[in-house]
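There are 2 protein chains.
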Amino acid sequence: MPTAEEPAKERSGRSTIQLAPMSVPKASDVLADELRERILSGEFVEGTPLPPERELVVQTNMSRTTVREALRILEVQGLVRIKAGRAGGAFVQRPGEESMARSVGLLIRGRQIRLKALLETREGLEPFSAKLAARNRTEEDLAVLEAANQRIKDAPDLASFLQANIDWHVGVAQAGHNELMTGLMMALSPAIYEATENEQFIDDEVMETTFKAHQSINRAIRDGDGPAAMRRMDRHVHVYAEELLKVEVRTDITLPD
Amino acid sequence: MPTAEEPAKERSGRSTIQLAPMSVPKASDVLADELRERILSGEFVEGTPLPPERELVVQTNMSRTTVREALRILEVQGLVRIKAGRAGGAFVQRPGEESMARSVGLLIRGRQIRLKALLETREGLEPFSAKLAARNRTEEDLAVLEAANQRIKDAPDLASFLQANIDWHVGVAQAGHNELMTGLMMALSPAIYEATENEQFIDDEVMETTFKAHQSINRAIRDGDGPAAMRRMDRHVHVYAEELLKVEVRTDITLPD
DNA sequence: TATGGTCTATTGGTCAGACCTAATGTACTC
DNA sequence: GAGTACATTAGGTCTGACCAATAGACCATA
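In the order they appear, the protein sequences are chains X and S.
Under my numbering, the first residue of the first sequence is numbered 1, with each subsequent residue one higher.
Under my numbering, the first residue of the second sequence is numbered 1001, with each subsequent residue one higher.
Here you go:
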């Protein structure tokens, strides 16, 4: 057992001086950090172009390679949008839901998140989302919700149905006027779409049931009845998840390969 | 009013043919997409190194600049970890919660998400998270939760308290064994930490209340009592949010500048 | 007068090659 | 056997050149 003076056996030298591991940041990261900070702090207004690459080169004394890598980092993070050509450049952008949706998507694919986990998360979020919607919805929000649900009723094929379904659920989140919640829903939606696309449990009955459930939730939201909206959404999402998982299990059994 | 043949006034030509805007992908994006797909499909096992940059150059007939930009994209997305030096290279990595947490953080900062929205979102997620924890927790999970709560009780200063608080909340999510939920909690936590850090509403009484609330939730989780865990967590998070927002309002009034 | 062609300047995209720096393996020395 | 020196391999940065896309001005022609 190592003594107090010799906590780590691996230390080979005579000295007992210890230093924390130090990070040696890369030049491009330094530049990216600097620019990111300025963008997020609001110093650069959305839409304004950053200086051209060659201008940044002379300003920073870095090479163009480095400058470009920094810009590329910011682009991937959704903080700038880069356009080529004259009057092009790196235009400041506020990070949007898309970039978050992308990274949620990466997590889901990369970690092989189970459909169950995805649906559970939705079960957590959406009832509350409905409650907020009942509290904060405007007339426009209601119009969007009803239009989306109408598209669900009229959907000619599975893809239209799923898209309209997503629109409605995202619409509920938007009616809640909570940007973070909206962002999360927008991030989860594509993943749910993809996961649902290959399940064939959606028949006319399911579509009809979905339409009716949405309709009753729409009513509660219109009436500003938070508890009812929450309860109905909870039930709707839960039932939907159960049905979906039932089919998934069956599929696994039918096609064990 | 535009007729059916002239839906958009801005179209100047005689033809009514419409084309969608087309994307011209950059070479580095193409490479990045290719590699990303292979990583996510599991073709490259986690931890294996990609070929060295100069090797990729000869394999792809691209320049090193392009190859490096592609690798940088993947690095930002958390799909590879790049190490310098001999035996270095780009090592395949499964995307983790960190990258998602980063992009959630960017959204929060960039969109200036209000503390209220942040806390509301937590109010939606955490009760469900507690419910899952009650259902799926292991003995190790329980030990983590109790240790974290003990650290809350013993916290000598605000920073320790907040950190232990985060640990406990993330611990609940982990006890639920839902990777997505865990990731979201890990993403929201730092933001809540920062938002709370500057509010001075946390005194000994709040800390004591928090400790007791956690304790009772811990019990429900241990007992596998989902509804109770959910209810208590809902109450805890709600009260905490109310208190915090109360202080925030007062702060705004006190310091209108 | 409207449509299309041409030119040019600007700016990002790509390339080739060189050199620097970090990390590691290995042989050598004491 | 511990420590050192060196070679090797890989990423990091720099330079300078050229390609490609785009906007705007100007011109040509039906």
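We treat Cβ as the ideally placed atom computed from N, Cα and C, and that holds for glycine.
Subject >> Alpha-carbon to alpha-carbon, S/His1214 and S/Ala1090 >> reply: Residue numbering aside, residue 1090 of chain S sits at position 90 when the second sequence is read from its first letter. Residue numbering aside, residue 1214 of chain S sits at position 214 when the second sequence is read from its first letter. Between S/Ala1090 and S/His1214, the C-alpha separation is close to 42 Å.
Original post:
Cβ atoms of S/Gly1171 and S/Ala1101: under 9 Å apart, would you say?
Top reply: Here the question's residue 1101 of chain S lines up with position 101 in the second sequence. Here the question's residue 1171 of chain S lines up with position 171 in the second sequence. It is not a contact, given that the beta carbons lie outside the stated cut-off.
Subject >> Residue environment, S/Ala1159, which counts as buried when at least 16 other CB atoms sit within 10 Å >> reply: On the second sequence, position 159 is the one that residue 1159 of chain S refers to. S/Ala1159 is exposed by the Cβ-count criterion.
Subject >> Buried versus exposed call for S/Gly1110 [16 or more other C-beta atoms within 10 Å across all chains shown] >> reply: Taking the first residue of the second sequence as position 1, residue 1110 of chain S is located at position 110. Buried.
Subject >> the region 1043 to 1059 of chain S touching the region 62 to 74 of chain X, judged by at least three CB pairs closer than 8 Å >> reply: Proximity of the region 1043 to 1059 of chain S to the region 62 to 74 of chain X falls short of the contact definition, fewer than three beta-carbon pairs being nearer than 8 Å.
Original post:
If S/Ala1191 and S/Gly1105 are in contact, beta carbons under 8 Å, what's the gap, nearest whole angstrom?
Top reply: For the purposes of this step, residue 1191 of chain S is taken as residue 191 along the second sequence, with counting starting at 1. For the purposes of this step, residue 1105 of chain S is taken as residue 105 along the second sequence, with counting starting at 1. Contact annotation, S/Ala1191 with S/Gly1105: C-beta distance approximately 6 Å; criterion of less than 8 Å satisfied.
Original post:
So, are the CB atoms of X/Leu145 and X/Ile39 less than 9 Å apart?
Top reply: Indexing the first sequence from 1 puts residue 145 of chain X at position 145. Indexing the first sequence from 1 puts residue 39 of chain X at position 39. No, the pair does not count as a contact, with Cβ atoms beyond the cut-off.
Subject >> Interface residues of chain X facing S/Ala1134 [CB-CB closer than 8 Å] >> reply: Stepping through the second sequence from its first residue, residue 1134 of chain S is reached at position 134. What S/Ala1134 touches in chain X, judged by beta-carbon distance under 8 Å, is nothing: the nearest beta carbon there is about 13 Å away.
Original post:
In three-state DSSP terms, what is X/Ile166?
Top reply: Position 166 of the first sequence, counting from 1, holds the residue named residue 166 of chain X. If DSSP states are grouped into helix, strand and coil, X/Ile166 belongs with the helices.
Original post:
Is any beta-carbon of chain X found at less than 9 Å from that of S/Leu1040?
Top reply: Taking the second sequence and counting its residues from 1, one reaches residue 1040 of chain S at position 40. Judged by the 9 Å Cβ criterion, S/Leu1040 is in contact with chain X.
**OP:** Would you check if the distance between the CB atom of S/Glu1126 and the CB atom of S/Asp1234 is smaller than 9 Å?
**Re:** Here residue 1126 of chain S corresponds to residue number 126 of the second sequence, with the count starting at 1. Here residue 1234 of chain S corresponds to residue number 234 of the second sequence, with the count starting at 1. At a Cβ-Cβ threshold of 9 Å, S/Glu1126 and S/Asp1234 count as neighbours.
Subject >> S/Val1104 - containing alpha helix (DSSP H), residue span >> reply: Stepping through the second sequence from its first residue, residue 1104 of chain S is reached at position 104. Taken as a continuous stretch (DSSP letters only), the alpha helix (DSSP H) holding S/Val1104 covers 1097 to 1110.
Original post:
What residues from the region 46 to 78 of chain X come within 8 Å of chain S, judged by C-beta to C-beta, listed N to C?
Top reply: Under the 8 Å Cβ criterion, the region 46 to 78 of chain X contributes Thr65, Arg68, Glu69, Arg72, Ile73, Val76, Gln77, Gly78.
Original post:
Got a sec? Which residues, its chain only, sit under 7 Å from X/Asp257 by beta carbon, not counting five neighbours each side?
Top reply: The sequence position of residue 257 of chain X within the first sequence is 257, counting from 1. Reliability of the predicted coordinates at X/Asp257 is poor, the pLDDT of 40 falling under 50, and no value is obtained from them.
Original post:
What residues of chain S sit near X/Ala164, judged by a beta carbon separation below 8 Å?
Top reply: Position 164 of the first sequence, counted from the first residue, corresponds to residue 164 of chain X. Listed by position along chain S, the residues whose Cβ is nearer than 8 Å to that of X/Ala164 form an empty set, because the closest Cβ is around 21 Å away.
Subject >> For X/Tyr193, the nearest candidate out of X/Leu107, X/Leu115, X/Glu242, X/Ile82 (CA to CA) >> reply: Start at 1 with the first residue of the first sequence, and residue 193 of chain X comes out as number 193. It is X/Leu115.
**OP:** Please list the residues of the region 137 to 158 of chain X that have a C-beta atom closer than 8 Å to any C-beta atom in chain S, keeping them in chain order.
**Re:** Answer in chain order: no residues at all.
**OP:** Under 8 Å between beta-carbons, which chain S residues line up against X/Glu108? List them in chain order, please.
**Re:** For this step, residue 108 of chain X is matched to residue 108 along the first sequence. The amino acid occupying residue 108 of chain X in the given sequence is Ile; Glu does not appear at that position. What X/Ile108 touches in chain S: Leu1180.
Original post:
If contact means a Cβ-Cβ distance below 8 Å, which residues of the region 81 to 103 of chain X contact chain S?
Top reply: Flagged, chain order: Arg94, Pro95, Gly96, Glu97, Ser99, Met100, Arg102, Ser103.
Original post:
Residues of chain S with CB under 9 Å from X/Ala195, in chain order?
Top reply: Residue mapping note: residue 195 of chain X aligns to position 195 of the first sequence, counting from 1. Going along chain S, no residue has its Cβ under 9 Å from X/Ala195, so there is no contact; the nearest lies around 12 Å.
Subject >> Segments assigned alpha helix (DSSP H), at least 4 residues, entirely inside the region 1139 to 1223 of chain S >> reply: If we require 4 residues or more, the alpha helix (DSSP H) runs fully inside the region 1139 to 1223 of chain S come out as 1139 to 1154, 1158 to 1175, 1179 to 1197, 1204 to 1222.
**OP:** Excluding the 5 residues preceding and the 5 following S/Asp1167 in the sequence, name in chain order all residues of the same chain whose CB lies nearer than 6 Å to its CB.
**Re:** Position 167 of the second sequence, counted from the start, is the residue given in the question as residue 1167 of chain S. Around S/Asp1167: Ala1148.
Original post:
Relative to the ligand MN, is the shortest distance from any of its heavy atoms to the C-beta of X/Arg36 smaller than 8 Å?
Top reply: By its list of ligands, the structure shown contains no ligand whatsoever, and the ligand MN lies outside what it can speak to.
**OP:** Taking X/Phe128 and S/Glu1123 to be in contact with their CB atoms under 8 Å, please state how far apart those CB atoms are, rounded to whole angstroms.
**Re:** Along the first sequence, one-based indexing puts residue 128 of chain X at 128. Along the second sequence, one-based indexing puts residue 1123 of chain S at 123. Going by Cβ atoms, the distance from X/Phe128 to S/Glu1123 rounds to 6 Å, so yes, they are a contact pair.
Subject >> C-beta contact flag for X/Phe201 and X/Val239 at 9 Å >> reply: Within the first sequence, residue 201 of chain X is the residue found at index 201, counting from 1. Within the first sequence, residue 239 of chain X is the residue found at index 239, counting from 1. X/Phe201 is not a Cβ neighbour of X/Val239, given a cutoff of 9 Å.
Original post:
If X/Glu197 sits next to X/Leu162, beta carbons under 8 Å apart, how far is it from one beta carbon to the other, in whole angstroms?
Top reply: Locating residue 197 of chain X in the first sequence gives position 197, counting from the first residue. Locating residue 162 of chain X in the first sequence gives position 162, counting from the first residue. Taking C-beta atoms under 8 Å as the contact rule, X/Glu197 and X/Leu162 qualify, at a distance of about 7 Å.
Subject >> Contact check, S/Ala1133 vs S/Ala1241, beta carbons under 9 Å >> reply: Against the second sequence, residue 1133 of chain S aligns to sequence position 133. Against the second sequence, residue 1241 of chain S aligns to sequence position 241. In this structure, S/Ala1241 does not lie closer than 9 Å to S/Ala1133 by Cβ.
**OP:** Could you check which residue in X/Gln77, X/Glu55, X/Gly226 has the C-alpha nearest to that of X/Asp33?
**Re:** Position 33 of the first sequence, counted from the first residue, corresponds to residue 33 of chain X. Among X/Gln77, X/Glu55, X/Gly226, the Cα nearest to that of X/Asp33 is on X/Gln77.
Original post:
Can you find a C-beta in chain X that's less than 9 Å from the C-beta of S/Leu1035?
Top reply: Here residue 1035 of chain S is taken as the residue at index 35 of the second sequence, counted from 1. Taking Cβ atoms only, chain X never reaches closer than 9 Å to S/Leu1035, which makes this a no.
Original post:
Do X/Lys153 and X/Met207 have their C-beta atoms closer together than 9 Å?
Top reply: Here residue 153 of chain X refers to the residue found at position 153 when the first sequence is read from its first residue. Here residue 207 of chain X refers to the residue found at position 207 when the first sequence is read from its first residue. Yes, these two residues count as a Cβ contact at 9 Å.
Subject >> S/Arg1036 versus S/Ser1063: straight-line alpha-carbon distance, rounded >> reply: On the second sequence, position 36 is the one that residue 1036 of chain S refers to. On the second sequence, position 63 is the one that residue 1063 of chain S refers to. Rounded to the nearest angstrom, the gap between the Cα atoms of S/Arg1036 and S/Ser1063 is 19 Å.
Original post:
Leaving out five residues before and five after S/Asn1178 in sequence, what residues of the same chain have Cβ atoms less than 7 Å from its Cβ?
Top reply: For the purposes of this step, residue 1178 of chain S is taken as residue 178 along the second sequence, with counting starting at 1. By the criterion of a C-beta distance shorter than 7 Å, S/Asn1178 is surrounded in its chain by Leu1132, once the five residues flanking it on both sides are discounted.
**OP:** Report all residues from its chain with a CB closer than 8 Å to the CB of X/Ile217; omit the five preceding and five following residues, and keep chain order.
**Re:** Reading the first sequence from its first residue, position 217 is the one you call residue 217 of chain X. If we look at X/Ile217 and ignore the five residues flanking it on each side, its Cβ neighbours are Ala130, Val172, Ala229, Arg232, Met233, His236.
Original post:
Going along the chain, which residues of the region 1119 to 1130 of chain S sit with their C-beta nearer than 9 Å to a C-beta in chain X?
Top reply: Of all residues in the region 1119 to 1130 of chain S, the ones placed with a Cβ closer than 9 Å to any Cβ belonging to chain X are Glu1120, Thr1121, Glu1123, Gly1124, Leu1125, Glu1126, Pro1127, Phe1128, Ser1129, in chain order.
Original post:
What is the rounded straight-line gap between the Cα of S/Pro1025 and the Cα of S/Asp1225?
Top reply: Residue numbering aside, residue 1025 of chain S sits at position 25 when the second sequence is read from its first letter. Residue numbering aside, residue 1225 of chain S sits at position 225 when the second sequence is read from its first letter. Each residue's Cα considered, the two are about 53 Å apart.
Original post:
Do S/Ile1017 and X/Leu180 come within 9 Å of each other at the CB atom, strictly closer than that value?
Top reply: The residue you call residue 180 of chain X lines up with position 180 of the first sequence. The residue you call residue 1017 of chain S lines up with position 17 of the second sequence. Result no, Cβ atoms of X/Leu180 and S/Ile1017 do not sit closer than 9 Å.
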